[in-house]
């Protein structure tokens, strides 16, 4: 089954994508024949039970894993053909990451964590400071910029991670279970923030979740099961 | 700046672990430096040896003397510029305690000190020495240890030359530099020989060694052969060698101990390598998710590897640096505690360089495996990692 983008040229084009792993000399298919288009400015939730391949699909789109076969174009660029170094450069300027457990550097302050992606750019120190302050302002954490992760709540840490994902103005933001480690209130705040980023700033967001309530925040919900795309529906 | 800041912050992330690793490094580098200094001290006598001096002794063994009349025959050999007798006396000062032990030599009072320019002697004291039959020149180190000063009488109980002997301190000779050993007492060969004629006549007119001065050090082998040839097939055949070879011959008798000290010093380094390598492996394993996150954000594998290597080298540099700094006062304390056992006990530049090289080598070697592993780990595996 395939899921087309809701109109316009797709930002992400996935065609006949397959991925498997070898476990004990045996090939284990994880994704097979995935075809999916995601338009610029879309907010897609990938849903499915554990082992359905949703995180693997997200990793492939984010360029941190490589498919066995098929096409994967982001912004017209076939990222499957890029070498490791090229792929790292591509990720630095095109992908913002939000992880389930935030993955902030514990020895760096909120400001320094958000600044990380900008260190790979040619921006001056003053320009970086301005961008970081703006990003932290968007997640309403300007007053916590000098705090270390262990001085922040889970929700605040995830908001710092969102600021880090935003700060380099990437083409897409990928979020792997962004509310999986949060209480209901913090999860609600994070989802509202993602929704706002998509609606007000036009950010393209691909989010993996197994929480139907979280998926409701997306414009489109794509269902996976046993490595196959089984359906797509409009979100909330 | 960011990189250094990150490495420093990571270094002190687990303060207790870092502190314990640093303590281990300080102790190891300090121990290595001290053991290397002991080895250097062992060779101090040979370091002082001159290329222009040969030692002629009995070919059978040093315990057998050679006749004094050989002196003039040797002096006549081409290339020899001067010659002096030197005879081990082996007397006991006060008691047989090692701390009271010092070497006494009966030497030709007229020219001995001209053969040893590394001993700085005041002309008036040298003149007094030559004039006084029982006169003795005492080295600065020995004088400071026992408080000897000109005019003092040093009573010594003879062992090789039994009986009670008395030497009058006529002067204190100073070292030319820190490698010069000044722990000996020199007195008149003539005094010893005259007393020997009276007390044990059969041992008179015989000497332990001749110190032979030559003009050209490059002719040492040729002149040595010429000297030994002069006395071939005589009752007292000679063996002549450079002063350095003569000194090393003594050290060779304790070579196993020196070798053991050397081996132990490097074993210490191997042990601390294992400690630091374990610390770095543990550290890198715990932070695998962070390294994967760095890579996901676009930082290359080289950045991750450099971060681990820099942390490893930094910890060994700090520990090694503190260890090197601690070596100097500890070596000074060591020297004071040992008395005159090691007359030259100096932390050399070579030792410091070797300590620094070992610290850096340990840092690089300990960091290279975890750095390589972190650089190679696939991002998706690293993100799944539980430290």
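Residue numbers (the working numbering), protein chains in the order written: chain Z, -8 to 227; chain P, 852 to 1238.
Where a beta carbon is used, it is the ideal one built from N, C-alpha and C, also for glycine.
Fair warning: this is a prediction, and the values are worked out from it, not measured in the lab.
Residue 995 of chain P and residue 99 of chain Z have their C-alpha atoms roughly 59 Å apart. Chain-ordered listing is empty here: chain P has no CB closer than 8 Å to the CB of residue 70 of chain Z, the nearest sitting near 13 Å. In summary, no residue of the stretch 998 to 1019 of chain P has a CB separated from any CB of chain Z by less than 7 Å. In the structure shown, residue 136 of chain Z adopts coil according to DSSP, grouped into three states. Within the same chain, Cβ atoms closer than 7 Å to the Cβ of residue 1054 of chain P are found at 1047, the five residues on either side in sequence being excluded.
In the DSSP assignment, residue 909 of chain P falls within the unbroken beta strand (DSSP E) covering 904 to 909.
Counting only Cβ-Cβ distances below 8 Å, residue 1155 of chain P has no contacts in chain Z at all, with the closest Cβ about 11 Å away. Look at residue 108 of chain Z: its C-beta is under 8 Å from a C-beta on chain P. In the DSSP secondary-structure assignment, residue 943 of chain P is bridged to P:1008. For the 8 Å CB-CB criterion, residue 1214 of chain P and residue 1178 of chain P do not form a contact. Under the DSSP assignment, residue 866 of chain P falls in the alpha helix (DSSP H) whose first and last residues are 866 to 893. Annotated three-state conformation of residue 1221 of chain P is helix, per DSSP. Closer than 8 Å to the CB of residue 866 of chain P there is not a single CB belonging to chain Z. Residue pairing from DSSP leaves residue 104 of chain Z without any beta-bridge partner. Interface with chain Z (8 Å Cβ-Cβ cutoff): residue 1231 of chain P is included.
The three-state secondary structure of residue 853 of chain P, taken from DSSP, is helix.
The stretch 116 to 200 of chain Z contains, as complete alpha helix (DSSP H) runs of 4+ residues, the segments 116 to 129, 145 to 157 and 175 to 192 (chain order). Residue environment analysis places residue 204 of chain Z among the exposed positions, since fewer than 16 neighbouring C-beta atoms fall within 10 angstroms of its C-beta. When C-beta distances to chain P are compared with 9 Å, the residues of the stretch 91 to 124 of chain Z below that value are 92, 94, 95, 96, 97, 98, 99, 103, 106, 107, 108, 110 and 111, in chain order. Here residue 1036 of chain P is near residue 989 of chain P, since their CB atoms are less than 8 Å apart.
Taking 8 Å as the cut-off, the Cβ atoms of residue 95 of chain Z and residue 152 of chain Z count as close. Using a Cβ-Cβ cut-off of 8 Å, residue 860 of chain P is close to 98 and 99 of chain Z, given in chain order. Collapsing the DSSP output to three states places residue 38 of chain Z in a strand. With contact defined as three or more Cβ pairs closer than 8 Å, the stretch 936 to 946 of chain P and the stretch 1027 to 1045 of chain P are in contact. Residue 955 of chain P is bridged by DSSP to P:1036. Across the stretch 1140 to 1174 of chain P, CB contacts with chain Z closer than 9 Å involve 1140, 1141, 1143, 1144, 1145, 1146, 1147, 1148, 1149, 1150, 1151 and 1152, in sequence order along the chain. By DSSP's assignment, residue 10 of chain Z forms a beta bridge with Z:22.
Secondary-structure assignment with DSSP links residue 1077 of chain P through no beta bridge to anything. The way I'd put it, the stretch 196 to 212 of chain Z does touch the stretch 157 to 173 of chain Z; three or more beta-carbon pairs between them come closer than 8 Å. Distance from residue 966 of chain P to residue 904 of chain P at the Cβ level is roughly 7 Å; contact confirmed, criterion being Cβ atoms closer than 8 Å. Residue environment: residue 1142 of chain P is assigned as buried (16 or more neighbouring CB atoms within 10 Å of its CB, all protein chains considered). At a cut-off of 8 Å between beta-carbon atoms, residue 33 of chain Z makes no contact with chain P. For residue 225 of chain Z, the enclosing beta strand (DSSP E) begins and ends at 219 to 225. Between the stretch 101 to 112 of chain Z and the stretch 136 to 147 of chain Z there are three or more C-beta pairs closer than 8 Å, enough to call the two in contact.
For residue 141 of chain Z, no CB of chain P lies under 8 Å from its own CB, so it is not counted at the interface with that chain.
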